[in-house]
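Heads up, the thing below is written out as structure tokens.
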Amino acid sequence: MLQNAHIPIIGFAAYSGTGKTTLLMRLMPLLEGHGLRVGVVKHAHHEFEIDKQGKDSYELRMAGASQMLIASRKRWALMVERELACEPQLDDVLLDLEQGSLDLILVEGFKHEQFPKIELHRQALHAPLMYQKDSNIIAIASDADLPEALGLPVLDLNQPQQIATYIVDRIVNIVAPPH
4 MLQNAHIPII
14 GFAAYSGTGK
24 TTLLMRLMPL
34 LEGHGLRVGV
44 VKHAHHEFEI
54 DKQGKDSYEL
64 RMAGASQMLI
74 ASRKRWALMV
84 ERELACEPQL
94 DDVLLDLEQG
104 SLDLILVEGF
114 KHEQFPKIEL
124 HRQALHAPLM
134 YQKDSNIIAI
144 ASDADLPEAL
154 GLPVLDLNQP
164 QQIATYIVDR
174 IVNIVAPPH
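To get this note's numbering, take the position in the sequence shown, counting from 1, and add 3.
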């Protein structure tokens with residue numbers, strides 16, 4: 004399990020094309036409506052850019068800055084250039100979050116790591132369910148009836164309010180009861 008998670012954390016495990024990011028975008032305002040400050044960790048399997056070519060931050064980073072922090076009165080971002088021998092571990096990445104200003108962490112990716120997850124399943128993809136091979140899956144959100152998923156809560160993938168309520172009731176309020 005994760006040693007560096009100091010607040011409730013829940014991941015979303017699914018095959019590509021299932022709609023993980025879309026669901027997270029729909030969950031965010033619902034969870035905020037419950038008064039939660041939510042952080043998100045997303046794993047990327049490739050190089051990515053958050054600043055754009057032609058912007059000062061991008062050009063300075065490309066010129067050799069190993070760390071580039073850009074700040075305004077509304078937000079800040081830190082880009083750190085690094086070369087790891089292997090993919091980052093979620094527990095290490097959690098050290099980079101300011102968990103003291105959050106109530107919940109949602110994770111997209113890192114599906115092979117040991118932490119609680121909701122499996123997302125779309126019938127149209129014809130992909131096998133993951134829960135039988137991952138004991139960290141605590142619920143399944145699907146757009147199909149899943150009688151074989153007995154023993155786990157089955158949520159409606161197309162009803163993000165239902166998933167948000169499950170997260171609040173089963174993850175946030177149990178792991179960190181309201182004060």
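We treat Cβ as the ideally placed atom computed from N, Cα and C, and that holds for glycine.
Going by DSSP, which residues form a beta bridge with residue i?
{"i": "V83", "result": "Q70"}
{"i": "A93", "result": "Per the sequence shown, the amino acid found at residue 93 is Leu instead of Ala. Partner(s): none; L93 has no beta bridge."}
{"i": "I13", "result": "L109"}
{"i": "L158", "result": "A144"}
{"i": "I121", "result": "F15 and A142"}
{"i": "K45", "result": "E111"}
Measure from the alpha carbon of residue i to the alpha carbon of each residue in the options, then state which is nearest.
{"i": "S60", "options": "A16, V44, G42 and W79", "result": "W79"}
{"i": "E122", "options": "R85, I143 and D159", "result": "I143"}
{"i": "V96", "options": "A17, L160, V43 and T168", "result": "V43"}
{"i": "L26", "options": "L98, D159 and R64", "result": "D159"}
{"i": "R85", "options": "K77, Q70, S75 and E101", "result": "Q70"}
{"i": "D146", "options": "T21, L72 and V171", "result": "T21"}
Hey, residue i and residue j are a contact pair by Cβ (cut 8 Å); roughly how many whole angstroms apart?
{"i": "I186", "j": "M82", "result": "Nothing about residue 186 can be read from this structure; the chain reaches only from 4 to 182."}
{"i": "N7", "j": "D106", "result": "At roughly 17 Å, the Cβ-Cβ gap does not stay under 8 Å, so N7 and D106 are not in contact."}
{"i": "V171", "j": "H37", "result": "5 Å"}
At least three beta-carbon pairs within less than 8 Å, the segment 6 to 17 to the segment 104 to 122: Put simply, the segment 6 to 17 touches the segment 104 to 122. At least three CB pairs are less than 8 Å apart.
Any 3 or more C-beta pairs closer than 8 Å across the segment 88 to 104 and the segment 130 to 149: Verdict: no, contact absent.
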